[in-house]
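Position in the sequence shown counted from 1, then plus 485, gives you our numbering.
For every residue, glycine included, the Cβ atom is placed at its ideal position computed from N, Cα and C.
Computed from a predicted structure; not experimentally measured.
Structure first, then comments.
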Amino acid sequence: MVFNCRSCGADLYLDDHVVSKSGKRIPLEEETGQPHNCPEREQSDYRSQPFECNKCGISLFVSSTHKSKNNKFIPLEYPQGHPHDCPKAEVK
Ligand SMILES: [Zn+2]
Ligand SMILES: [Zn+2]
Numbered sequence: 486m487v488f489n490c491r492s493c494g495a496d497l498y499l500d501d502h503v504v505s506k507s508g509k510r511i512p513l514e515e516e517t518g519q520p521h522n523c524p525e526r527e528q529s530d531y532r533s534q535p536f537e538c539n540k541c542g543i544s545l546f547v548s549s550t551h552k553s554k555n556n557k558f559i560p561l562e563y564p565q566g567h568p569h570d571c572p573k574a575e576v577k
């Protein structure tokens with residue numbers, strides 16, 4: 486079954502064998518068969534699951550609304566959303 490991405494209109498389909506860690510089917514692009522990494526959706530407010538800072542262990546997340554100039558995610562402290570200034574980061 487082909488359907489259109491609600492965000493960008495691309496032709497997508499679902500494959501029962503291609504599922505995410507949470508068991509949900511991942512939309513694939515009809516043209517390429519690759520998982521659809523929606524260009525439109527990324528611009529809407531994306532928030533990652535919390536993860537731990539590998540230096541100080543505090544809970545962090547990343548959001549599409551907080552990216553650095555070179556388009557990299559800036560780690561934010563969970564759940565307040567302040568940019569994480571890690572106390573354990575190496576001093577250069
Ligand atoms: Zn899309
Ligand atoms: Zn840290």
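Would you identify the three-state DSSP class for Pro568, choosing helix, strand or coil?
-> strand
Does the count of Cβ pairs from the region 528 to 542 and the region 505 to 513 closer than 8 Å reach three?
-> no
Where does Ser544 fall in DSSP's three states?
-> strand
Could you check how far apart the C-beta atoms of Val562 and His569 are, in whole angstroms? I think they sit under 8 Å.
-> Before going on, a small fix: residue 562 reads as Glu here, not Val. Right, their Cβ atoms sit about 5 Å apart.
Terminal residues of the beta strand (DSSP E) in which His563 lies = Correcting the residue type first, residue 563 is Tyr in the shown sequence and not His. Run containing Tyr563: none; DSSP gives neither H nor E here.
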